[in-house]
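Residue numbers (my numbering): 548 to 737.
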């Protein structure tokens with residue numbers, strides 16, 4: 548089972564359906580309706596932290612969950628706000644983006660590893676965000692796995708755990724290879 552943390556975002560259900568299309572049993576839990584022990588007791592094979600409004604500091608159990616996944620070696624994928632929560636949990640700074648992107652498509656460049664395995668190095672992705680991970684504060688346990696041509700961080704990966712974050716939205720119909728990104732995450736956690 549995959550547990551999908553819902554940060555009160557309508558895109559959560561698109562992710563839910565994508566994971567279901569890939570044959571996964573998915574349980575959706577709102578970010579303020581459970582505690583870490585209850586989540587761990589469900590014995591999931593991995594977590595996905597959804598997009599959502601606001602900042603990681605106001606995303607319910609999202610930040611605490613990142614730390615628990617690191618400690619307990621549980622796979623995690625963070626999308627948009629979930630991506631920011633990964634960096635924030637490890638003391639990275641989340642700052643206002645130079646340019647706000649809501650429903651805009653841009654080309655991203657990946658390292659072709661982890662969730663980007665067997666994908667083109669460059670592809671189009673849909674962005675809905677006004678905050679980004681500040682590169683100068685990127686924690687040493689994380690490295691950049693994707694960015695825009697302008698250098699904005701679009702993906703991060705933990706160096707020792709199966710923990711990946713993406714700033715863009717794989718569940719958007721306008722993102723190339725969104726299904727494949729989620730499929731790659733599931734492949735990593737088998």
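Idealized CB from N, CA, C, for every residue including glycine.
These numbers were taken from a predicted model, which means no experiment stands behind them.
query	result
What three-state label does DSSP hand residue 699 in the structure shown?	coil
Could you check if residue 548 is buried or exposed, using at least 16 other CB atoms within 10 Å of its CB as the buried criterion?	exposed
Suppose only complete runs of 3+ residues qualify. What are the beta strand (DSSP E) ranges in the region 616-661, listed by chain order?	623-626, 641-657
Among the residues of its own chain, which have a CB less than 8 Å from the CB of residue 604, if the five just before and after it don't count?	610, 635
What residues match up with residue 550 in a beta bridge as DSSP calls it?	574, 594
Skipping 5 residues on each side, what residues in its chain have a beta carbon closer than 8 Å to that of residue 616?	594, 622, 623, 708, 710
Counting Cβ pairs, one atom from each stretch, are 3 or more of them under 8 Å apart for the region 690-698 and the region 650-661?	yes
Determine, using beta carbons only, whether residue 599 and residue 553 come nearer to each other than 9 Å.	yes
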